[in-house]
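Chemist:
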Amino acid sequence: CNTRCNTLQQELVFIGADMEETAIRDALNSCLLTDAEMAGFKQKLQDIVDLAGELRFQVGDRVMCKCDIWRAGEIIDTEYREETWTQDVPTAPYQVRLDNGEGLIYVPYDDDNFVRQIFD
């Protein structure tokens, strides 16, 4: 866990001979956001949340959520916040319990690209 941002960390493993570790590391590090870019991203997220207005779904509503594929679930919370999120991170509009014991997720935006009404 990255304690500075309170986020999970991904690790890449390269296996091979005669690889230029410094060049690979520099190329990957150049993809990371600067603190200023991250602050701008967080502000844009907040702007989206502020413009969104009222939420489309309520606790108990059945929805489809875009994960690796579209998955069915039930809204169990609105304006959701993980305990590890700092106050500058906007709340997620929904927390959803996926069907078939697939777990809990949060929906980052109240938008049809992420969450849709389910038609049983």
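So our numbering is basically just the index in the sequence shown, starting at one, shifted up by 932.
Beta carbons: idealized from backbone N, C-alpha and C, even for Gly.
Would the beta-carbon of Ile-1007 fall within 8 Å of that of Val-995?
Modeler: Result yes, Cβ atoms of Ile-1007 and Val-995 sit closer than 8 Å.
Chemist: Can you name the start and end residues of the alpha helix (DSSP H) that Leu-960 belongs to?
Modeler: Its alpha helix (DSSP H) spans residues 953-961.
Chemist: Just the C-alpha distance for Thr-1023 and Ala-949, rounded to the nearest angstrom, thanks.
Modeler: Cα to Cα, Thr-1023 sits roughly 45 Å from Ala-949.
Chemist: Report the rounded CA-to-CA distance for Leu-944 versus Asp-1000, giving the unit in angstroms.
Modeler: Rounded to the nearest angstrom, the two C-alpha atoms are 21 Å apart.
Chemist: Please name the residue in Thr-1018, Arg-1013 and Asp-1009 whose C-alpha comes closest to that of Leu-1030.
Modeler: Closest option to Leu-1030, Cα to Cα, is Asp-1009.
Chemist: Here's the rule I'm using: 16 or more other beta-carbon atoms within 10 Å means buried, otherwise exposed. How should Cys-997 be labelled?
Modeler: By the neighbour-count rule (16 or more Cβ atoms within 10 Å), Cys-997 is buried.
Chemist: Could you give the uninterrupted runs of the alpha helix (DSSP H) lying entirely in the stretch 1004-1047, keeping only those of 4 residues or more?
Modeler: Listed in chain order, nothing qualifies, since the stretch 1004-1047 has no complete alpha helix (DSSP H) run of 4 or more residues.
Chemist: Please report the straight-line C-alpha distance between Gly-972 and Phe-1046, rounded to a whole angstrom.
Modeler: So the two alpha carbons sit approximately 22 Å from each other.
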